[in-house]
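Protein chains in written order, with this note's numbering: chain A, 1 to 92; chain B, 1001 to 1252.
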Amino acid sequence: MKVSVKAFATFREVMDMQLVLDVPEGSTIRTLLAEITGRYGGLGELMFSAPGTLRDFVNILKNGRNVHFLAGLDTPLDDGDVIALFPPAAGG
Amino acid sequence: MVGQPKNERFLRQIPLIGEDGQEKLANARVLIAGAGGLGSAIVTYLAAAGVGYIRIVDEDTVEDSNLNRQILYHEQDIGTCKVEAAKKTIRALSHDVEVDAICRHIDETTVRELVRGTDLILDGMDNFAARYVLNSASLDEKIPFIHGAVNGFYGQVTMILPGITPCLRCIVPTPPTWEKNPIIGVTCGVIGCIEATEAFKYLTGTGEILKNRLLLWDGLRGEAESLQIMRYPDCIDCGSSAIEQDVRRFRV
């Protein structure tokens, strides 16, 4: 199944702005991130403070809904999903 | 005078918003929370366009390191209270705008009084703890809240309509660690002006506001994209269960 990934702000400094991935049935946000952190050097370190622990500024939206409120890293992916990765700006 | 737009001054914008839109601006009461880089851009354009009442709140004094982006202030303002210096700048631009300059920290003990009596809250804060306080007050008092924030060449904006759109907590559930992020004035200008644009549209009923969408600005690449965003039904700040249990107040 196909999943679109969009990266914003500082994530764009280590990965492409947008990519479409072919992922197997049963994929989750965790397996998706494993796939893309494998592709882009430095992305894993930027997103994770420890294996399996996202840094507090990493926000992931699945079709507009924050996966924090779904099943976190275990949120299942569906064909056609749009996954947005963004570190929110906090300054003013 | 408030409620009596200066037609000559607003000649070039009345074709866009109409006489009645100009009247709505003159009668509008807005809160600008924070008089830093975002607040500077927001207040300048709202005052110039004829918004009648502006309450601006910030507890800081002007520092030299502010002047790369906080365009309300000048070298002679260094050391003075930001909101007083802001009021002086706004008054020099227009005597018709009523400016309520409040030098105060925004937290759960002060926020109610600060938001009450306004039609709209604009975000000029520099941290998420204060933004969550404003988010909760916006929900409780049912006052729309325009969220904006900047980091380097990046920024984001969305319009929060209490009970209708996602709230700030639905979009960013946990506060990102606060650091002194790099900031360049132009990004504050871009994001502050987008916030002000949303304010004009909301106050005058013009165009389509940024509701249910998060606009992400990338100044390094000259790109903007708005993502569709959705409410979380059980959000601790705006969800139905939160309202029933009344546990959402001012959680940070």
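Just so you know, even glycine gets a beta-carbon here, dropped at the ideal spot from N, CA and C.
Going by DSSP, which residues form a beta bridge with Cys1081 (chain B)? B:Thr1061
Within chain A, partners of Met1159 (chain B) - CB distance below 7 Å: Under the 7 Å cutoff, chain A gives no residues; its nearest Cβ is about 15 Å from Met1159 (chain B).
Which class does Lys1087 (chain B) belong to by DSSP, given the choice of helix, strand or coil? Here Lys1087 (chain B) sits in helix by DSSP.
Excluding five sequence neighbours on each side, which residues of the same chain lie with their C-beta closer than 7 Å to the C-beta of Pro51 (chain A)? none
What three-state label does DSSP hand Thr1206 (chain B) in the structure shown? coil
State buried or exposed for Arg1249 (chain B), treating a residue as buried only when at least 16 other CB atoms are found within 10 Å of its CB. At Arg1249 (chain B) the pLDDT is 45, less than 50, meaning the model places this residue with poor confidence; the figure from the coordinates comes in the next sentence. So Arg1249 (chain B) ends up on the exposed side.
I need the straight-line Cα distance from Gln1013 (chain B) to Lys6 (chain A), nearest angstrom please. 37 Å
What residues in the region 6-18 of chain A bring their beta carbon closer than 9 Å to a beta carbon of chain B? Lys6, Phe8, Ala9, Thr10, Arg12, Glu13 and Met17
If you reduce the DSSP assignment to three classes, tell me which class Glu1198 (chain B) lands in. Residue state for Glu1198 (chain B) is assigned as helix, using DSSP reduced to three classes.
Member of B:Gly1036, B:Tyr1045 and B:Ile1121 whose CA lies at the smallest distance from the CA of Ala1085 (chain B): B:Gly1036
Under the rule that 16 or more other beta-carbon atoms within 10 Å means buried, what is Leu43 (chain A), buried or exposed? buried
Closer than 7 Å, Cβ to Cβ, to anything on chain B: give me those residues from the region 48-76 of chain A, in chain order. Asp56, Phe57, Asn59, Leu61, Gly64, Arg65, Asn66, His68 and Phe69
Rounded to the nearest angstrom, what separates Leu1120 (chain B) and Tyr1202 (chain B) at their Cα positions? 9 Å
Buried or exposed: Asn1068 (chain B), going by 16 or more other Cβ atoms within 10 Å of its Cβ? exposed
By DSSP's criteria, Gln1070 (chain B) is part of a beta bridge. Which residues make up the other side? Per DSSP, Gln1070 (chain B) has no beta bridge partner at all.
In whole angstroms, what separates the C-alpha of Gly80 (chain A) from that of Val20 (chain A)? 10 Å
With DSSP collapsed to three states, give me the class of Arg1249 (chain B). Any answer about Arg1249 (chain B) is weak, because its pLDDT of 45 lies below 50 and its placement is not dependable; what the coordinates show is given next. Looking at Arg1249 (chain B) - three-state DSSP - the assignment turns out to be coil, as it is neither helix nor strand.
Suppose you measure from the CA of Asp1100 (chain B) to the CA of His1147 (chain B); what does that come to, to the nearest Å? 21 Å
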